[in-house]
Structures are given as structure tokens and as C-alpha cells.
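Protein sequence lines, in the order shown, are assigned to chains A and B. Numbering-wise (the numbering used here), the first sequence opens with residue 1 and increments by one. Numbering-wise (the numbering used here), the second sequence opens with residue 1001 and increments by one. For glycine and all other residues, C-beta sits at the position ideal for the given N, C-alpha and C. Please read all numbers here as calculations on a predicted model, not as lab measurements. Only one structure is covered here, and it is reproduced in the block below.
2 protein chains.
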Amino acid sequence: MTSENANSKPSPARRLKPRAEIIDNESAAGPETSRQQRRFLARKAVILDAALSLFSQSGLHGVSTEQIAEAADVSKTNLFYYFSSKEEIYVGVLKRLLSDWLAPLDALDPEADPIQAIGDYVRLKMEMSRADPRSSRLFCLEIVQGAPMIGDELRTSLKTLVDRKAAVIRRWSEDGKIASVDPHHLIYAIWATTQHYADFSAQIAAISGRTLDDELFFREATENVLRVILGALSTGVEAKPSKGAA
Amino acid sequence: MTSENANSKPSPARRLKPRAEIIDNESAAGPETSRQQRRFLARKAVILDAALSLFSQSGLHGVSTEQIAEAADVSKTNLFYYFSSKEEIYVGVLKRLLSDWLAPLDALDPEADPIQAIGDYVRLKMEMSRADPRSSRLFCLEIVQGAPMIGDELRTSLKTLVDRKAAVIRRWSEDGKIASVDPHHLIYAIWATTQHYADFSAQIAAISGRTLDDELFFREATENVLRVILGALSTGVEAKPSKGAA
DNA sequence: GTCTATACGATGATAGAC
DNA sequence: GTCTATCATCGTATAGAC
Chain A
1 MTSENANSKP
11 SPARRLKPRA
21 EIIDNESAAG
31 PETSRQQRRF
41 LARKAVILDA
51 ALSLFSQSGL
61 HGVSTEQIAE
71 AADVSKTNLF
81 YYFSSKEEIY
91 VGVLKRLLSD
101 WLAPLDALDP
111 EADPIQAIGD
121 YVRLKMEMSR
131 ADPRSSRLFC
141 LEIVQGAPMI
151 GDELRTSLKT
161 LVDRKAAVIR
171 RWSEDGKIAS
181 VDPHHLIYAI
191 WATTQHYADF
201 SAQIAAISGR
211 TLDDELFFRE
221 ATENVLRVIL
231 GALSTGVEAK
241 PSKGAA
Chain B
1001 MTSENANSKP
1011 SPARRLKPRA
1021 EIIDNESAAG
1031 PETSRQQRRF
1041 LARKAVILDA
1051 ALSLFSQSGL
1061 HGVSTEQIAE
1071 AADVSKTNLF
1081 YYFSSKEEIY
1091 VGVLKRLLSD
1101 WLAPLDALDP
1111 EADPIQAIGD
1121 YVRLKMEMSR
1131 ADPRSSRLFC
1141 LEIVQGAPMI
1151 GDELRTSLKT
1161 LVDRKAAVIR
1171 RWSEDGKIAS
1181 VDPHHLIYAI
1191 WATTQHYADF
1201 SAQIAAISGR
1211 TLDDELFFRE
1221 ATENVLRVIL
1231 GALSTGVEAK
1241 PSKGAA
């Protein structure tokens, strides 16, 4: 879950290269990072952020290393000092966003009120779709193409997490706190409806003329998703979402 | 809607080339097509189908013309006899699938029973996600990247159609036949939940270990989507989907 | 209509000076 | 660590023979 070491298995054609690989485990930035190391990691972060913007818009093959270098304000040669290949940058971006991705679901509290907890999860997912649509889109691109780079992570970390939370939801059903629904399909529905506003924003903008940046539209969208999701959970009563704006 | 002529505006860098452009309006294949023309169009169709598979998996830039040629069983040079550029192939594929895309929504009947009509629409969309996930994925890829190639079509044909059907749904609401929901958001929710099973099948397979090819899983998924969507429409009673399998 | 050969640009990646 | 120069490869597209 904590994105471990990038040396594990970047999937396809692997090219060994020594260089700066020693400090490659960016997330394990312990307490004793020197000024140099911090500077190094900061630069990598800038590059990863620039790459996220570009990759989320044009995909792995639609972006050149030169574009990334330019956007990150480093020379192309220098880019290869920080990363040994374009794929390594791509995977780096994906790994980083995946952990952000799992956090909200991980936070689903078994002890909380089910409707409240799931409602909060939906609201949080909507906030994320608004705040960071680039990540949502890049993730979408990767999955649609068959998850060639992070398939392993999905089958391990993600599956474990989802199965665990599905058990929580199933328990809620069995206890009669929510209607009887298939937990996995419920989670898929939540992901689908919330991420749709980030991933398909071009289509939504073409039709509705608005995006989540429009505060009113954001509230309408959230309210509607809540109605749809929570509606499926009501055992007969209380189908109403908790937020009542617009 | 009928995909008009490709000469209109393929977006970026446009290169003029005469050649076989005369017969380029493939959909307008009238009754008096000669044997040669039919053969010509058939070949183009084979190429487009091969291209769909590849593009949906790797995106526009992730596929080479050589791969397309090989998959369509023509020489690379010959490929350029049928199409004047890779982008033309890409747009050709997109235009073709877009019309299939609009058809089901277009068929939503204002005179029908609302719950039945929307339920049928959902079921049809699920069937399409199962039958032709490649198209769904390619469409998704294009939209996620900002719809650079078909943005115009979305703002015209698609918007017109959706607005028209949204009015139908709004009328149903006003007449008290379904709950009061925002028609556009309802449509987005339907698209999101149904297409999710095609677009994110890699993720779903990683978690659930199953896809829509599994008949039981397909029924579960459909039932669940119906529960979610129709549940949002119920005015108080009849939240139950019509299909009761598994 | 189909093939062989090839021009030509773009791009991922490296070498080596400073 | 950063730069200039450069290589090798790939991929689009064209020319011209058959």
C-alpha cells in the first residue's frame, strides 16, 4: 500500500542502470534525509507533477520526454539523470496517485453509521474528482488500456483493500442497517458515478456546458450521486441525502 | 449524426490528398454500389475493425500503422491507399462507433412507461458493454483525453440528442410518473454505471476475478445497476427492478 | 491495386566535457 | 549536476515498378 520500492517490477522491458537508483525509493524519505537528498526528491516531485499533467492528457505514448522536461523546467538530458526511462516516470506517477486513491476507501469506518459513512465516502470522492481530475483521468487511461503497468498492484493491494471493505458493507446488510446489496457492485457504482465527473468532463462540458469547477454544478452533481447511491441502500425509509443545497 | 463527410475538420494538422477520397463517405453507400466499390468499402471496414481493437487498447499514439496493417492483413503501403493518414483511420473508427452510441438513447420512447423505458435503456447499455467493450473503451479514451477529435460532434449531435431526451425525462418527473431528478445527471449516472463494466473491466477483473463474459456476473451487475438507477426514480414505491435473477 | 524501397522527421537515450 | 552534441531507432508517408 505504501508503494514500496520501485525496484520491484516495472513490468515490461527492464533496463538496468546504476546512477542515482540508490535514492530511488522516494516515499521512504526517512527522517535523516540530507539537504541534497531532499533537493533531489523535490526535483523528482516536480517532474512527476509535470508528467501527470501531460500523461493524463495524452497518455504514455502521446507525450515525449522533451515535453516533460520542458514542463518541469529541466533539460531533456537532465531528465534522464533523475529517471532512467520514460516508463519509469510513468509508473512513478501512477504509483504515487494509487496510494492517494486507496486512502479514502481505507478510511471507511466499520463502527460508523453506514449511511453516514458511505455518504461521506461519496462526498470525498466527489471532492477528489473536482480537486484532482488529472489523477482520476490518468488512472482511467491506464485501466481502460488493461492496466499494463499496475495490474499487479490492483490484484494485490487494491483487491485486498476492497475485499476487506466489502466485508464491512456485507455485515451492515446482514445486520439490517442497509438494504441487501452486493458490496462489490455497490463500490463499483460509487467509483463509476463519482469519477465519471472527472473522467468524462469533456463530454459533460459539451452537453451541460459546465464542469465541477462550477460550484453550483458540483453541488447538483454530488446531490444526485448521493441520491442514486444512498437510494440503493435504503431499507424502505430515509432515502434522502443529508446535504440539502440547491 | 450520419457521420457526414470526413472532409469537414479532422482537427490538427490537415494534409490534403486526392487519391481515393471520392468514395470516402462510407456510410452513404447507396443502392448502386458497384462490385469494386463494395470490395473497397469492405476492405476499409476490415481495417477499421482491426484499428478499433488496437486503438482501444493502446490509444492513437500507442499504435503504429504497421500494426494496423498487419492486423488487417494488408501491407503497410496498401493501408495508405485506403486511408491517407493514421488520424483519418482513428477518426473513421470514432465516427462509426459514435452513431451506434447514440442509437439506444435516441430510441427512448416518450410514450412508454418511464420505469420500463429507462430500465430497458439500462439493460441495452449493459448488453452493449458486454458485446462491444472495445468501442466503449476507445470512446472513453477519446473523452478522457479531452475529446480532441470528436469534440465538435459532442457539442452538436450529442448535445442536441441528450437535451431532447432530458426534456422527456423532465416531463415524466413533472407528471409525477417518476421522482424529481435532474435529467442530465440521471443520464450521466446511467452512462457511468453501465459503461464502467466495459471501461474498467481490467480493474473489476483484478478485484472480482470476473468479467461480463461470465453470464452470472453479467446478471448480477445488471441487476445492481438497475437497482441503483431505478431506485433513484421511485416516487416512494416500486423500487424493485423487473428482472429477478440470482 | 499491390509490392519494394526509401525519404525524412521525431524521439528515446547516451557520451563526455565542464 | 548540468550542458552540448550525437546516435540509433522507429514510424509516417511517398515514389515508382509491376
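Per DSSP, residue 177(A) lies in no alpha helix (DSSP H) and is assigned neither H nor E. Out of 91(A), 177(A), 224(A) and 35(A), the CA that lies nearest to the CA of residue 47(A) is found in 91(A). Under the Cβ criterion (8 Å, minimum of three pairs), the segment 71-83 of chain A does not count as touching the segment 128-142 of chain A. In chain order, 189, 192 and 193 make up the part of chain A whose C-beta sits under 7 Å from the C-beta of residue 1193(B). Between residue 1138(B) and residue 1233(B), the C-beta spacing is not below 9 Å.
DSSP places residue 1126(B) within a helical segment (H, G or I) once states are collapsed to three.
The Cβ neighbour count for residue 107(A), taken over all protein chains shown within 10 Å, is under 16; the residue is labelled exposed.
Close CB contacts of residue 178(A) within its chain, under the 6 Å cut and outside five residues either way in sequence, are with 114, 172 and 233 (chain order). When secondary structure is reduced to three states using DSSP, residue 1038(B) falls in the helix class. Contact of residue 1203(B) with chain A is assigned, a C-beta pair being separated by under 9 Å. Residue 1067(B) carries a helical assignment under DSSP once its states are collapsed to helix, strand and coil.
Residues of the segment 1148-1176 of chain B that bring their beta carbon within less than 8 Å of a beta carbon in chain A comprise 1151, 1154, 1155, 1158, 1159, 1162 and 1163, in sequence order.
Restricting attention to 1149(B), 1140(B), 1184(B) and 1142(B), the CA atom closest to the CA of residue 1160(B) is found in 1184(B). At the C-beta level, residue 1145(B) and residue 1231(B) stay beyond 9 Å of one another. In this structure, 1163(B) is the residue among 1066(B), 1037(B), 1163(B) and 1103(B) with its C-alpha nearest to the C-alpha of residue 206(A). Any Cβ of chain B closer than 9 Å to the Cβ of residue 38(A) would place that residue at the interface, and such an atom is absent. By alpha-carbon distance to residue 1045(B), the top candidate from 1118(B), 1105(B), 1094(B) and 1064(B) is 1094(B). Not one beta carbon of chain A lies nearer than 9 Å to the beta carbon of residue 1084(B). Cβ neighbours of residue 1109(B) within its own chain (closer than 6 Å, five residues either side excluded): 1117. The C-alpha of residue 209(A) lies about 9 Å from the C-alpha of residue 1155(B). Any Cβ of chain B closer than 9 Å to the Cβ of residue 67(A) would place that residue at the interface, and such an atom is absent. Annotation: residue 197(A) to residue 1037(B) spans about 43 Å, alpha carbon to alpha carbon. Contact with chain B is absent for residue 78(A), since none of that chain's Cβ atoms lies less than 9 Å from the residue's Cβ.
Under the three-state reduction of DSSP output, residue 1098(B) falls in the helix class.
Within its own chain, the residues whose Cβ lies closer than 7 Å to the Cβ of residue 228(A), once the five positions on either side in sequence are excluded, are 193, listed in chain order. Excluding five sequence positions before and after residue 1063(B), the CB atoms of its chain that fall closer than 7 Å to its own CB belong to 1054 and 1055, given in chain order. With distances taken between CA atoms, residue 226(A) lies nearest to 121(A) out of 68(A), 105(A) and 121(A).
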